[in-house]
Amino acid sequence: MLKQEGYRFSFDESKCKECGGKCCKGESGYVYLTLEDMQKIAEFLGMDFMEFTQKYIRKLVAGYSLLEKKEINGKGYACIFLNEEKGECEIYKVRPMQCRTFPFWQGFKQDYSELKNECMGIVDEI
Numbered sequence: 001m002l003k004q005e006g007y008r009f010s011f012d013e014s015k016c017k018e019c020g021g022k023c024c025k026g027e028s029g030y031v032y033l034t035l036e037d038m039q040k041i042a043e044f045l046g047m048d049f050m051e052f053t054q055k056y057i058r059k060l061v062a063g064y065s066l067l068e069k070k071e072i073n074g075k076g077y078a079c080i081f082l083n084e085e086k087g088e089c090e091i092y093k094v095r096p097m098q099c100r101t102f103p104f105w106q107g108f109k110q111d112y113s114e115l116k117n118e119c120m121g122i123v124d125e126i
């Protein structure tokens, strides 16, 4: 069970296997990347940095994001690195900072009701 100061919930990582990557799919959105994230992922994939960015990155006004793909069921979008059949991240060992810090994001400090509805690993603090 993971807990971070300032948050009114804990996170049971063991639930991730059961979930199948709900936090990696849904509405269109961004997975923001640091330069370090991009370098680590490119190296992990055995790709040249430029090749990696051309294939998997989209430039935003202020930064970079991973590309997304249509979900297998066609209902929404999924991270380009989510293996939907296995429900696993193909780059888990080097996943971006945004993914590594989930669900302990600043926006969930005060109100995590939406998060609790979407993530089976969220446990209320008593």
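So for the sequence shown, the UniProt record's numbering puts the first residue at 1; every next one is plus one. In this text, a Cβ means the ideal position worked out from N, Cα and C, and glycines have one as well.
Along the chain, where does the beta strand (DSSP E) containing Cys-79 start, and where does it finish? As a first step, residue 79 is located in the sequence shown; it is residue number 79 there, counting from the start. Unbroken beta strand (DSSP E) run through Cys-79: 77-79.
Own chain, CB closer than 8 Å to Gln-106, minus 5 neighbours either side, in chain order: Position 106 of the sequence shown holds residue 106. Closer than 8 Å at Cβ, skipping near neighbours: no residue.
Indicate whether the contact test is met: 3 or more Cβ pairs, each with one atom in the stretch 28-47 and one in the stretch 83-96, closer than 8 Å. yes
Which whole-angstrom value is the C-beta distance of Ala-78 and Lys-86, which I expect to be below 8 Å? In the sequence shown, the residue the question calls residue 78 occupies position 78. In the sequence shown, the residue the question calls residue 86 occupies position 86. Not quite, the Cβ-Cβ distance comes to about 12 Å (not below 8 Å), so this is no contact.
Assign Lys-59 to buried or exposed, taking buried as 16 or more other Cβ atoms, counted over all protein chains shown, within 10 Å of its Cβ. Taking the first residue of the sequence shown as 1, we reach residue 59 at position 59. Flag for Lys-59 reads exposed.
Check whether the stretch 6-25 touches the stretch 107-123, counting contact only when three or more Cβ pairs, one atom from each stretch, lie closer than 8 Å. yes
Nearest-angstrom Cα distance between Met-38 and Phe-52? What you label residue 38 is simply residue 38 of the sequence shown in a count that begins at 1. What you label residue 52 is simply residue 52 of the sequence shown in a count that begins at 1. Between Met-38 and Phe-52, the C-alpha separation is close to 8 Å.
Considering only the alpha carbon of each residue, which of Tyr-30, Tyr-64, Cys-24, Val-123 lies closest to Glu-90? Translated into positions along the sequence shown, residue 90 becomes position 90. Answer by Cα proximity: Cys-24.
Do Gly-76 and Glu-125 count as a contact pair if the criterion is CB distance below 8 Å? For the purposes of this step, residue 125 is taken as the residue at position 125 of the sequence shown. For the purposes of this step, residue 76 is taken as the residue at position 76 of the sequence shown. No, these two residues do not count as a Cβ contact at 8 Å.
Cys-16 to Ala-62 span [Cα, whole Å]: Here residue 16 corresponds to residue number 16 of the sequence shown, with the count starting at 1. Here residue 62 corresponds to residue number 62 of the sequence shown, with the count starting at 1. Approximately 31 Å, taken between the alpha carbons.
What are the boundary residues of the beta strand (DSSP E) that Ile-122 is part of? For the purposes of this step, residue 122 is identified with residue 122 of the sequence shown, where counting begins at 1. That run of the beta strand (DSSP E) goes 122-124.
Which same chain residues end up closer than 7 Å to Glu-118 when comparing Cβ atoms and leaving out the 5 residues on each side of it in sequence? For the purposes of this step, residue 118 is taken as residue 118 along the sequence shown, with counting starting at 1. For Glu-118, where only same-chain residues beyond five positions count, the Cβ hits under 7 Å are Lys-22.
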